[in-house]
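Numbering (the numbering used here), first residue to last: -14 to 364.
Where a beta carbon is used, it is the ideal one built from N, C-alpha and C, also for glycine.
See below for the structure under consideration.
Written as structure tokens, this is what we have:
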């Protein structure tokens, strides 16, 4: 079932509609508008949606990654020594999160589709992962840390796919390109904030009230997440027809432009909407496997993002300086991501916009492995 087919509403709940019976009909007030007036109204509508929806989902995704990767900064705050981790135990605590994450991603979106209330589902997931992140500060052993990380992955898995589902219920396919890029840049910007917050915590709170710096790091960042989640309850919308901050005309326009974007050619009948038939087609499509291989290849970046402070520490700088040095690469990466997505959207070209960044990343990995000098390795 396509994401757009999920977003046609009935009584405030996303339900599929038989397009053979109900083709999209332009609202009467739009029929009396000129093309320029309609474009202006639609532009104002999208701007309003961006302000209410995109800003909040971006902030939530920043915190999603911040709580996921703060364990790398916590290592410099004394976590490994305080818990007596040995051998590969730290690496295990990092990777175990993704076990829970993988197990929960698909079931979570099925639950969201069944529940039909993103305005409640996504902030609630955020409260849960923020609580788990905060509770990590109370762990006293390797097993406790592993348990926290595993369930953190479970809770965090709800957000990204659920957020994409929600965005697809508000934006057309063309609009989704830039919005997805902006959303995903939050995962990169979180790395910049993580280093700055961790530097301040380690420099000022180590030993405060008898707690080591790494414990304060989890408490502070988890508390911020919970606070933003409660704000999100009042901002994140469900679907266009049930949103109070849109006028009746804006609601009609929001629904109609998505129905128009789906188009009759994109609709599939009830038999073709079968989950198993869709899965079979995906498994037999070679393009899916090529994209899967490409995405799998990008996981090499995890060796940097999940251990970046430790990698930077190997360049011979102090803890606070190391954390501050982690900020610029993430900021540059966020700018590059948005610029690449914008240019790809403008030109309609995809292949080179995927290939060139991958080639540059390969060159950077080779340079980092081939030298021990600070400047080229940092660059």
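Can you check which of these residues, the options, is closest to residue i by C-alpha distance?
i           : options            : result
residue 59  : 235, 205, 322      : 205
residue 298 : 203, 49, 180, 263  : 180
residue 67  : 124, 52, 14        : 124
residue 145 : 120, 89, 188       : 89
residue 91  : 18, 117, 140, 38   : 140
residue 201 : 191, 337, 209      : 191
residue 193 : 98, 62, 339        : 62
residue 321 : 11, 339, 311, 360  : 339
residue 214 : 344, 289, 305, 116 : 116
residue 218 : 156, 102, 276      : 102
residue 39  : 161, 282, 136      : 161
residue 120 : 220, 199, 350      : 199
residue 247 : 167, 95, 232, 155  : 155
residue 10  : 82, 18, 242        : 242
residue 365 : 353, 351, 328      : Within the shown structure, residues of the chain are numbered from -14 to 364, placing residue 365 beyond reach of any answer.
residue 208 : 112, 278, 232      : 112
residue 86  : 114, 100, 99       : 114
residue 350 : 311, 226, 289, 277 : 289
residue 216 : 282, 28, 45        : 45
residue 346 : 313, 282, 18       : 282
residue 188 : 261, 303, 223      : 303
residue 275 : 225, 312, 336, 228 : 336
residue 223 : 100, 280, 212      : 100
residue 279 : 344, 30, 318       : 344
residue 30  : 312, 318, 357, 232 : 232
residue 225 : 34, 18, 12         : 34
Can you find a CB in chain B that lies within less than 9 Å of the CB of residue i?
i           : result
residue 129 : No chain B appears in the structure shown, which is made up of a single protein chain.
Kindly give me the distance between the Cβ atoms of residue i and residue j, rounded to whole angstroms, as I take these residues to be in contact under 8 Å.
i           : j           : result
residue 37  : residue 230 : 6 Å
residue 130 : residue 78  : 5 Å
residue 186 : residue 138 : Wrong, their Cβ atoms sit about 23 Å apart, outside the cutoff.
residue 14  : residue 234 : 6 Å
residue 203 : residue 118 : 6 Å
residue 292 : residue 122 : The Cβ separation is near 21 Å, so there is no contact.
residue 389 : residue 47  : Outside the shown range of the chain, which is -14 to 364, sits residue 389, and nothing can be said about it.
residue 294 : residue 316 : That pair is no contact at about 16 Å.
residue 355 : residue 163 : The Cβ separation is near 37 Å, so there is no contact.
residue 158 : residue 81  : Between residue 81 and residue 158 the Cβ distance is about 36 Å, and since that is not below 8 Å, they are no contact.
residue 381 : residue 64  : Residue 381 lies beyond the stretch modelled for the chain, which goes from -14 to 364, so this question has no answer here.
residue 175 : residue 143 : That belief does not hold up - the Cβ atoms of residue 175 and residue 143 are roughly 17 Å apart, past 8 Å.
residue 147 : residue 97  : 5 Å
residue 352 : residue 361 : 6 Å
residue 41  : residue 323 : Not a contact, Cβ separation roughly 18 Å.
residue 310 : residue 363 : 7 Å
Whole beta strand (DSSP E) runs in the stretch 205 to 231 with 3 or more residues, listed along the chain?
-> Contiguous beta strand (DSSP E) elements confined to the stretch 205 to 231 do not occur, taking only those with 3 or more residues.
Any chance the stretch 134 to 153 sits against the stretch 102 to 119, with 3 or more Cβ pairs inside 8 Å?
-> With a cut-off of 8 Å, the stretch 102 to 119 and the stretch 134 to 153 count as touching, because enough Cβ pairs lie within range.
Cβ contact (3+ pairs, closer than 8 Å) linking the stretch 166 to 180 and the stretch 40 to 51 | Segments in contact, yes.
Check whether the stretch 71 to 91 touches the stretch 261 to 268, taking contact to mean three or more Cβ pairs, one atom from each stretch, closer than 8 Å.
-> No, the stretch 71 to 91 does not touch the stretch 261 to 268.
May I ask you to verify whether the stretch 13 to 25 touches the stretch 225 to 245, counting CB pairs closer than 8 Å and requiring at least 3?
-> Contact between the stretch 13 to 25 and the stretch 225 to 245 is present, because at least three Cβ pairs lie under 8 Å.
Alpha helix (DSSP H) segments (min. 4 residues) lying fully within the stretch 290 to 328 = Runs of alpha helix (DSSP H) with 4 or more residues, each lying fully within the stretch 290 to 328, are found at 293 to 298, 304 to 310, listed in chain order.
Are the stretch 324 to 334 and the stretch 267 to 276 touching, with three or more C-beta to C-beta distances below 8 Å?
-> The stretch 324 to 334 vs the stretch 267 to 276: no contact.
Any contact of the stretch 166 to 174 with the stretch 291 to 305, i.e. 3+ C-beta pairs under 8 Å?
-> They do not touch, by the three-pair rule.
4-residue-minimum alpha helix (DSSP H) runs that sit fully inside the stretch 69 to 126, ordered along the chain = Correct list: 74 to 100, 103 to 120.
At which residue ranges does the stretch 127 to 210 contain complete alpha helix (DSSP H) runs of 4 or more residues, listed in the order of the chain?
-> Segments of the alpha helix (DSSP H) lying fully in the stretch 127 to 210: 127 to 141, 144 to 153, 158 to 189.
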